[in-house]
Each structure stands twice: as structure tokens, then as C-alpha cells.
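Working notes for the structure below.
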Amino acid sequence: MSKLLVSGVALSLAAALLIGCADDVETALPCETARLIVPWSPGGGTAVIFGIFEQQIRDSGAEIPIQVVTMPGQGGALGAQAAHDAAPDGCTLFAIHQHLVVNYINGVTEFSWDGFEPVAMLTDTPEIVGAGGHKGYESFDDMLADARANPGGLPTGVSLGATSHFFWIMLGSLTGTDYQYVPYQGGTAGRITGLLNGEIDLGLINMAAARTQRDDGKLLALAIAADERSDLVPDVPTLKELGVDMTYSLTRGIMAPLGTPPEAIDYWAEVFKAAAENETFIEEQKARGTAVMFLGPDDYRAWWAETAQGFLDAAEALKIGRFE
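Be aware that the sequence shown starts at 582, since it is given in the working numbering, and climbs by one per residue.
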């Protein structure tokens, strides 16, 4: 699956006098504060990132601040439905990543990304293929050889029906492998615990674990699903280097209900662009293995069209969800 990664996008706003100064942008919205629905629990990676955006936008003196409203449930579908049904007046925003396409494929929602108006892409966090040290793998190729020798036999921690599950489905379709999917609560943290204690053999891990929890050999980082190696874990090769033409990341952004006026979309795109250009925020996210990657409404729409098609093609080829 390829990603369209475009940098240096310049938004044109008639009311904007200076890019990066959110309070120079004016628009008429019927609210004093807009709500940003984050469809996951407080304390999770997505909620934390958008909580930082919330504070930066308030500190910037923007005409209309935002308030993060966490709405967990149904793998992100509960919050997605609330945002989808909200009035398209510019006063409701929605924090999104690829979960919504997966929910649509699995029939959890009747709408996908195109049930919203794209506002802005903000961050990109590539996934890292992890394994338990008990497996003794010395490379990603060792893992593939084991998977091919034991089709459907390697316990692999996932959140069933979520992006962590779909990663292995797509990897399997590209490499001719299959895995034994083990449902794990607690997201990445739960999977890392399972790898460390040997309950599972494989699972996606985060940058923090790849950097700090490998010294004793109980946790392995076999590959990163990015276009290039990360400076934070330079010893971890990319999937592409290893012959698997696949990138896979949680790419977070902002959407608005379908029918939200273009001027409101442009207003929020500029507000979030200004927040994303904060150097402290950029460095904080880099240290976590997350890149700040801004795309405006049109380019974000193009990115979604290409990215979603990759998910749909894989689901159709493997007869998953709606394609069974």
C-alpha cells in the first residue's frame, strides 16, 4: 500500500494575512468553542496528540478554540457516528486515522472517509513489526520463513477488526503468509506485554518500546513500515528494503461533517496548520517516532482516496468483511 505524502502545501485564504497566525483568520461560525470528537479513550496516543493541539490553539488566541471530547467505543465507530450525524456548521470536528476505512470494510459503519469533508492531515506514525525474544529471530526473513512453515500457527496480538489486525492481513497478502490472530486489550501496550512474557509471538510495537525495551533481548524490532529508516532506530530496516512493497502507519488528521461550508473547512485547515508548525510540538512528536505531516483539504482528500483504495483492494482480494 502506498501513501501519497506531499509536503509544503500552501493554503490560500482571503482572510489570512500571515500563515501561522491563527488569530489573523476570521470566519463566522455559530459557536464560541468547537468540539473535536476523538473516538478513543483519554490517555491513548491519538487523544494525547489532539489534546496538545487543543492547548496550542487556545494559546494562539484563535478566534474559536476547540475542546477535545473523547468518545470511545466500537473501535472508534461510536465517535465516528456522532461526528457523522452532527450539524455541518463548522462547530464539530472529527479526529481520524485509517480505522474508519477498516470499520467500513467490517460493516461496523455504513460510511467511510468520504462520509466526511477532509480538513487536514497532521501526523504520521509508522508501525514497527515486533516479535518476542523467545522466538530467537535474527531478522524479518527469519520470521517470514517461520510463518510460511507454520501457516496460521504464529500467535499474533491484534485488536480484532482494527488497523493492527489489518496490517497483518495486508502483510500476509503480500508475502503469502497467514497468522493466528489473538485479540489483545490495551492496544500497543497490551501487545508489548504479551510479547515480553511470551504469550504471543508477533505484534506491532511502538517507537518507545523499540528504543528502550530491546536491550535484554526479550523484545525484537524486525522492520518498520515506513519509506525510510528512522533516525531513532537506525538498525531497524524498512519493509521495502526487505523486499515487501508496503508502508503502513497511523496517519492522523481532521475531518468535518459532510456539507460543512468551504470557508469553515479552510478556516480550520489554517488553524491546524499554524498549530502543526510549532517547533516544540514537532520535536516532541519526533521523539515519539511521529512525524508532523501537514496536508490541506484538497491534498488530504487525494491521500484518502488512494489510501482507502489500497485497503479495499486487499479486502476484496482476501474476501474480507463486505467482500465475503
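We put the beta carbon where it would ideally sit given N, CA and C, even for glycine.
Identity of the residues DSSP links to residue i by a beta bridge
i: glutamate 698; result: Ala837
i: proline 732; result: The partner list for proline 732 (beta bridge, DSSP) is empty, contrary to what the question assumes.
i: threonine 828; result: Answer is none; threonine 828 lacks a bridge partner.
Residue i - DSSP class collapsed to helix/strand/coil
i: cysteine 602; result: Confidence in cysteine 602 is poor, its pLDDT being 39 and thus under 50, which makes the residue's placement too unreliable to answer from.
i: tyrosine 913; result: Residue numbering for the chain in the displayed model covers 582 to 905; residue 913 lies beyond these limits and cannot be assessed.
i: valine 683; result: helix
i: proline 815; result: coil
i: methionine 751; result: helix
i: aspartate 705; result: strand
i: phenylalanine 904; result: helix
i: glycine 713; result: strand
i: leucine 741; result: coil
i: methionine 788; result: helix
i: threonine 774; result: helix
i: glutamate 802; result: Residue 802 is actually alanine in this sequence, not glutamate. Here alanine 802 sits in strand by DSSP.
i: threonine 673; result: strand
i: proline 843; result: helix
i: threonine 861; result: helix
i: leucine 783; result: strand
i: threonine 756; result: helix
i: tyrosine 718; result: coil
i: glutamine 794; result: coil
i: valine 532; result: There is simply no residue 532 to check, as the chain begins at 582 and stops at 905 in what is shown.
i: glutamate 851; result: helix
i: alanine 661; result: helix
i: histidine 746; result: helix
i: leucine 725; result: helix
i: glycine 768; result: helix
i: aspartate 666; result: helix
i: glycine 656; result: helix
i: glycine 856; result: Per the sequence shown, residue 856 should be read as alanine rather than glycine. DSSP places alanine 856 in helix when its eight states are reduced to three.
Local Cβ density within 10 Å of residue i, reported as buried at 16 or more and exposed below that
i: phenylalanine 748; result: buried
i: glycine 757; result: exposed
i: serine 811; result: buried
i: glutamine 648; result: exposed
i: leucine 820; result: buried
i: alanine 743; result: buried
i: valine 683; result: buried
i: phenylalanine 631; result: buried
i: alanine 609; result: exposed
i: threonine 832; result: buried
i: glycine 877; result: buried
i: proline 838; result: buried
i: alanine 804; result: buried
i: aspartate 880; result: buried
i: glycine 798; result: exposed
i: serine 745; result: buried
i: leucine 800; result: buried
i: alanine 895; result: buried
i: glutamine 679; result: buried
i: aspartate 705; result: buried
i: valine 629; result: exposed
i: serine 720; result: exposed
i: glutamate 728; result: Going by the sequence as given, residue 728 is alanine instead of glutamate. Answer is buried; the Cβ neighbour count reaches 16.
Considering only residues of the stretch 611-652, which uninterrupted beta strand (DSSP E) runs meet the minimum length of 3 residues and lie entirely inside it, listed in chain order? List check, beta strand (DSSP E) in window: 615-619, 647-651.
Check whether the stretch 817-830 and the stretch 750-759 touch, using three or more Cβ-Cβ pairs below 8 Å as the test. The count of Cβ pairs closer than 8 Å, one atom from the stretch 817-830 and one from the stretch 750-759, reaches three, so the stretches are in contact.
Could you tell me whether the stretch 725-738 touches the stretch 760-775, using the rule of 3 or more Cβ pairs below 8 Å? The answer is yes - the stretch 760-775 touches the stretch 725-738, with three or more Cβ pairs under 8 Å.
Contact between the stretch 686-701 and the stretch 835-854: three or more CB pairs below 8 Å? Put simply, the stretch 686-701 touches the stretch 835-854. At least three CB pairs are less than 8 Å apart.
Three or more C-beta pairs closer than 8 Å, one from the stretch 785-805 and one from the stretch 708-719: is that the case here? As far as the Cβ criterion goes, the stretch 785-805 touches the stretch 708-719, which means the pair count is three or higher.
Looking at C-beta atoms only, is the number of pairs between the stretch 663-672 and the stretch 857-873 that lie closer than 8 Å three or more? The stretch 663-672 vs the stretch 857-873: no contact.
Quick check for students: name the residue ranges of the beta strand (DSSP E) that lie wholly in the stretch 865-903, counting only runs of 3 or more. Counting only runs of 3 or more, we get 872-876.
Tell me whether the stretch 772-784 and the stretch 713-732 touch, counting them as touching only if at least three CB pairs, one residue from each stretch, are closer than 8 Å. The way I'd put it, the stretch 772-784 does touch the stretch 713-732; three or more beta-carbon pairs between them come closer than 8 Å.
Are at least three pairs of beta-carbons, each pair with one atom in the stretch 862-876 and one in the stretch 638-646, less than 8 Å apart? No, they do not touch.
Would you be able to state if there are at least three C-beta pairs under 8 Å between the stretch 686-695 and the stretch 885-896? Yes: at least three Cβ pairs fall under 8 Å.
contact_flag[the stretch 653-660, the stretch 724-733] where n(CB pairs < 8 Å) is 3 or more: Counting C-beta pairs closer than 8 Å gives fewer than three between the stretch 653-660 and the stretch 724-733, which falls short of the contact rule.
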